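Below: one structure, written as structure tokens.
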Amino acid sequence: MHRSPSPSPARPSAPPRLVLGSTSTYRRELLARLGLAFDAVAPHTDESPRPGE
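Numbered per the working numbering, the sequence shown spans residues 11 to 63.
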């Protein structure tokens with residue numbers, strides 16, 4: 011019987027970076043209350059309603 015080498019111990023990885031694509035004060039406060047580290051970035055998207063919306 012052949013044994014494979016034991017796996018190397020897992021390295022702790024950094025948590026994924028969270029980016030809030032909003033300037034909403036409420037959303038920023040919510041994430042902060044949850045204790046999450048995040049970057050808030052203002053979206054550069056035209057959200058004007060179009061005719062018929």
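Cβ atoms here follow ideal geometry from the backbone N, Cα and C, with glycine treated the same way.
Keep in mind the model is a prediction, meaning the values are calculated, not measured.
8 Å contact criterion, which residue i and residue j should meet: CB distance rounded
i: Arg37; j: Leu46; result: At roughly 11 Å, the Cβ-Cβ gap does not stay under 8 Å, so Arg37 and Leu46 are not in contact.
i: Ser32; j: Pro53; result: 7 Å
i: Phe48; j: Leu40; result: Not quite, the Cβ-Cβ distance comes to about 10 Å (not below 8 Å), so this is no contact.
Residue span of the alpha helix (DSSP H) that contains residue i, given as start and end
i: Leu41; result: 35-43
According to DSSP, residues forming a beta bridge with residue i
i: Leu30; result: Ala50
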